[in-house]
Amino acid sequence: LNLGVAFSSRQYRTLIIDADPQGGVVFSLDRGRQHYNAGDQHKGLYHALCGEAEINDIARPTEFDNLFIVDCGIANSVIDVQAFEEATRASGLLREIIQNSIQYFDLILIDCPPGVGLITNGALIASDYVIIPLQSEPLSLRTLPQLLRQLIDIKKTSNHAIEIAGILITMFDTLNPVSKTVTEQVHTYFNDDLVFQSLIPRDPQLHRLYSGSMSVSELIREIESTSIGLQAYDELAEEIEEKFLRK
Numbered sequence: 064l065n066l067g068v069a070f071s072s073r074q075y076r077t078l079i080i081d082a083d084p085q086g087g088v089v090f091s092l093d094r095g096r097q098h099y100n101a102g103d104q105h106k107g108l109y110h111a112l113c114g115e116a117e118i119n120d121i122a123r124p125t126e127f128d129n130l131f132i133v134d135c136g137i138a139n140s141v142i143d144v145q146a147f148e149e150a151t152r153a154s155g156l157l158r159e160i161i162q163n164s165i166q167y168f169d170l171i172l173i174d175c176p177p178g179v180g181l182i183t184n185g186a187l188i189a190s191d192y193v194i195i196p197l198q199s200e201p202l203s204l205r206t207l208p209q210l211l212r213q214l215i216d217i218k219k220t221s222n223h224a225i226e227i228a229g230i231l232i233t234m235f236d237t238l239n240p241v242s243k244t245v246t247e248q249v250h251t252y253f254n255d256d257l258v259f260q261s262l263i264p265r266d267p268q269l270h271r272l273y274s275g276s277m278s279v280s281e282l283i284r285e286i287e288s289t290s291i292g293l294q295a296y297d298e299l300a301e302e303i304e305e306k307f308l309r310k
């Protein structure tokens, strides 16, 4: 969400595909709007995967200029989530439907659920680059090898040359020695070009984006001058822009 807002403010026509059945991004953007409902009847990614819609036709505008959203299009129930996962199983299908609509957007960001399941696998196959968020906590380091192995497997089995845009350190706490140690370890294990220089710090103000009744645009206007988190996402957008979008 925050990265999408940062890119849209830079005049990139940006689409966020919320592929997480929990729908956190969509909930935040739609909060306070009358049409939002977890079981809403509007079409989403699931319908595109089933051949019932095109991505560009179901992309909905948000309160931010240049920012659009597509949600899962399912209710968050066990049965619907299983159906959605099955729809993403077909190798390359998500990539195909995104390629059919990519001409309408400058950037497409896919927000994935935690873990390395079918949905994430389909999203990785659909993507040219992957941003790997890593909380600056010891346990997070243990999940990184599994994701890297998955990327290697995708390259082998799908002939798709997905690249790592970078590992993004998140929840960084300058006052926590453990946080600093984890960050140092990441830079030790990986080449500098695989780790973003931008760090996303712990910022209680950002937590308000996912709670309360105030719209996201109103909240961002309120905290943009004091939020270290928003500033960090803007710096990340600039780093990605310099590294990939100005080639």
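Counting with this note's numbering, you get residues 64 to 310 for the letters of the sequence shown.
All residues carry an ideal CB built from backbone N, CA and C; glycine is no exception.
Computed from a prediction, not measured in an experiment: that's the story for all the values here.
Considering only their Cβ atoms, is the gap separating residue j from residue i smaller than 7 Å?
| i | j | result |
| --- | --- | --- |
| residue 107 | residue 135 | yes |
| residue 23 | residue 173 | Nothing in the structure corresponds to residue 23, since the chain is present only between 64 and 310. |
| residue 296 | residue 65 | yes |
| residue 68 | residue 132 | no |
| residue 170 | residue 122 | no |
| residue 161 | residue 189 | yes |
| residue 194 | residue 224 | no |
| residue 232 | residue 262 | yes |
| residue 182 | residue 300 | no |
| residue 109 | residue 137 | yes |
| residue 258 | residue 249 | yes |
| residue 196 | residue 144 | no |
| residue 264 | residue 291 | yes |
| residue 168 | residue 76 | yes |
| residue 159 | residue 192 | no |
Helix, strand or coil, according to DSSP, for residue i in the structure here?
| i | result |
| --- | --- |
| residue 291 | helix |
| residue 262 | strand |
| residue 102 | Here residue 102 scores only 44 on pLDDT, less than 50, and its place in the model is too uncertain to base an answer on. |
| residue 143 | helix |
| residue 303 | helix |
| residue 163 | coil |
| residue 109 | helix |
| residue 74 | coil |
| residue 91 | helix |
| residue 64 | coil |
| residue 279 | helix |
| residue 297 | helix |
| residue 158 | helix |
| residue 271 | helix |
| residue 115 | coil |
Which partner residues does residue i have in the DSSP bridge list?
| i | result |
| --- | --- |
| residue 123 | 132 |
| residue 174 | 81 |
Contained alpha helix (DSSP H) runs [length at least 4] in the stretch 182-260, N- to C-terminal order:
Counting whole runs of 4 or more residues, the stretch 182-260 contains the alpha helix (DSSP H) stretches 201-221 and 240-252.
Just checking, does the stretch 275-290 make contact with the stretch 111-129 on the three C-beta pairs under 8 Å criterion?
The answer is yes - the stretch 111-129 touches the stretch 275-290, with three or more Cβ pairs under 8 Å.
Do three or more CB pairs link the stretch 197-215 to the stretch 110-117 at distances below 8 Å?
Because the criterion of three Cβ pairs below 8 Å is not met, the stretch 197-215 and the stretch 110-117 do not touch.
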